[in-house]
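Participant: Could you have a look at this structure, given as structure tokens, before my questions?
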Amino acid sequence: MTSPAQPTVRQLIRNHHAELTLSERKFANALLEDYPGAGLASITAAAANAGVSTPTVARMVQKLGFKGYPQFHQALLAELQAKVSGPEARRAAWASEAPDSHLLNRFADAVTQNLRQTFSNVDTAQFDAAAKRLAATEGRLYVVGGRITRSLAEYAFTHFQAIRARVTHLTSSPATWPHYVLDMAEGDTLLIFDIRRYEENLERLARIASERGVTVILVTDQWASPVAATAEHTFNCWVEIPSAWDSSIAILSLVEALIAAAQEERWPDARDRFERLDALFELTRLFQRS
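Under the UniProt record's numbering, think of the first position of the sequence shown as 1, with each following residue one higher.
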């Protein structure tokens, strides 16, 4: 299984993209369009399917840091296995290789690695573009999460609602989503949270929304939800920890960075909105006075 500090093949392609020749990029793009399936075939079949030569594929995988195609193939298989693994399999993977140090130390090391890996692989231009979309009130912002990520969606919704107007939090029940989609229009934005095991309902929602002209922003794990095929902006967060469950710490940190960027994008309008919100809190006496 991929370790928290080890980049995926998808990320390696992104990191080395500038070094690739045109033919190598052709294979890389074919792989990304059908990821990881296009790389699970034999080297001959993979090359033929992408319309390039076998030596081209061999050179590309070496540029990514693999000794040869078999190692590249195994890396993709490991990613595929990691995508579909449940809590028991995840625990078995780290427990069998656990060092003697206390769980707290191993947990802290894993979380630190996750944060470092996540933020080092964020494309700043994509981050800025996504922040502008999240801040733009010309269209409505919709936020949705899955079974595990709905708490992250609610957290994002609460903050974006304070920063800007026209924000909607979709309920966790897919049966209600058509009511929201009915009002979606070109220029709107849909922020989706989806980590393994990925939810087919979210993939369908993203596809339907995109067909209506809605910009989809995806926050996912290092293996990438299938929603990435539809999303205009995708942010991969590293999530593995010494646990049967994945960590949301890197995801939450990225979300807070997006919230901060959107806030700055809307300042001073956001400041005025905060002041009016505080006045309403005072009227409702929701908070105690200090």
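From the three backbone atoms N, C-alpha and C, an ideal C-beta is built for every residue, glycine too. Just so we're clear, the structure is a prediction, and the values are computed from it rather than from any experiment.
1. Using the Cα positions of residue 57 and residue 39, report the straight-line distance between them to the nearest angstrom.
2. Give the range of the beta strand (DSSP E) segment to which residue 141 is assigned.
3. Relative to the alpha-carbon of residue 104, which residue among 279, 271, 243 has its alpha-carbon at the smallest distance?
4. For residue 180 and residue 168, which I take to be in contact (beta-carbon distance under 8 Å), what is that distance rounded to the nearest angstrom?
5. Quick one: is residue 233 buried, meaning 16 or more other Cβ sit within 10 Å of its Cβ, or exposed?
6. Just the Cα atoms here: how many angstroms apart are residue 24 and residue 12?
7. Return the chain-ordered ranges of every beta strand (DSSP E) run that is complete within the region 218 to 272 and spans a minimum of 3 residues.
8. Using three-state DSSP, classify residue 193 as helix, strand or coil.
9. Helix or strand or just coil, what does DSSP make of residue 9?
10. With residue 168 as the anchor, note down where its beta strand (DSSP E) starts and where it stops.
11. With distances taken from CA atoms, which of 80, 118, 14, 102 is nearest residue 247?
12. In three-state DSSP terms, what is residue 52?
13. Determine the direct distance from the alpha carbon of residue 161 to that of residue 177, and round the result to whole angstroms.
14. Hey, is residue 38 close to the ligand MG, as in C-beta under 7 Å from one of its heavy atoms?
15. For residue 112, name the three-state secondary structure that DSSP assigns.
16. At what residues does the alpha helix (DSSP H) containing residue 124 begin and finish?
17. For residue 75, I'd like the list of residues in its chain whose CB is within less than 6 Å of its CB, leaving aside the five on either flank, ordered along the chain.
18. Please work out which residues of its chain come closer than 6 Å, Cβ to Cβ, to residue 51, disregarding the five sequence neighbours upstream and downstream, and give them in chain order.
Facilitator: Put simply:
1. 10 Å
2. 141 to 144
3. 243
4. 6 Å
5. buried
6. 13 Å
7. 233 to 237
8. strand
9. helix
10. 167 to 169
11. 118
12. coil
13. 19 Å
14. The ligand MG is absent from the structure shown, which contains no ligands of any kind.
15. helix
16. 124 to 135
17. 9
18. none
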